[in-house]
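Encoded as structure tokens, the structure appears first; notes follow it.
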Amino acid sequence: MTNRVKFGFKKTSDGYFLVVIPVKIFNVLKEKKPFLFEKTLAEHVGVEVFIKTKSRRLAAEIARKATLLLSDENS
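Take 3 as the starting number for the sequence shown in our numbering and just add one per residue.
Here you go:
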């Protein structure tokens, strides 16, 4: 099981920014801040969720909030 957030500042070949977070963190974040996911595509793959968005700012915001939730959970 992965316990980290992955985010790169480069676009994928189809023009999206990609954020990869654990499913548990995705569910908590979606419950607390559903507005973050209005303009995203989310795909569940095993224990991770791949989130694609056209906005770099939105991808960075999702990654930052997911990282904060993950660090709070681990402490």
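In this text, a Cβ means the ideal position worked out from N, Cα and C, and glycines have one as well.
Expected contact under 8 angstroms - CB spacing of residue i and residue j to nearest Å
| i | j | result |
| --- | --- | --- |
| Leu72 | Val7 | 6 angstroms |
| Arg58 | Phe28 | Not really, about 19 angstroms apart at Cβ, beyond 8 angstroms. |
| Ala44 | Phe9 | Not confirmed; about 14 angstroms, so no contact. |
DSSP beta-bridge partners of residue i
| i | result |
| --- | --- |
| Pro24 | Glu50 |
| Lys8 | Val22 |
| Leu43 | Lys54 |
Residue-chain proximity (residue i, chain C), Cβ-Cβ < 8 angstroms
| i | result |
| --- | --- |
| His46 | Considering every chain present, this structure includes no chain C. It has just one protein chain. |
Cβ-based burial, residue i [other Cβ within 10 Å; buried from 16]
| i | result |
| --- | --- |
| Leu70 | exposed |
| Glu50 | buried |
| Leu31 | buried |
Quiz item: Is it true that the segment 30-41 meets the segment 8-22, where meeting means three or more beta-carbon pairs spaced less than 8 angstroms apart?
Solution: Counting Cβ pairs under 8 angstroms, fewer than three are found: no touch.
Self-check item: Runs of beta strand (DSSP E) wholly within the segment 50-76 (minimum 3 residues, chain order)
Solution: Uninterrupted beta strand (DSSP E) stretches at least 3 residues long and entirely within the segment 50-76 occur at 50-55, given in chain order.
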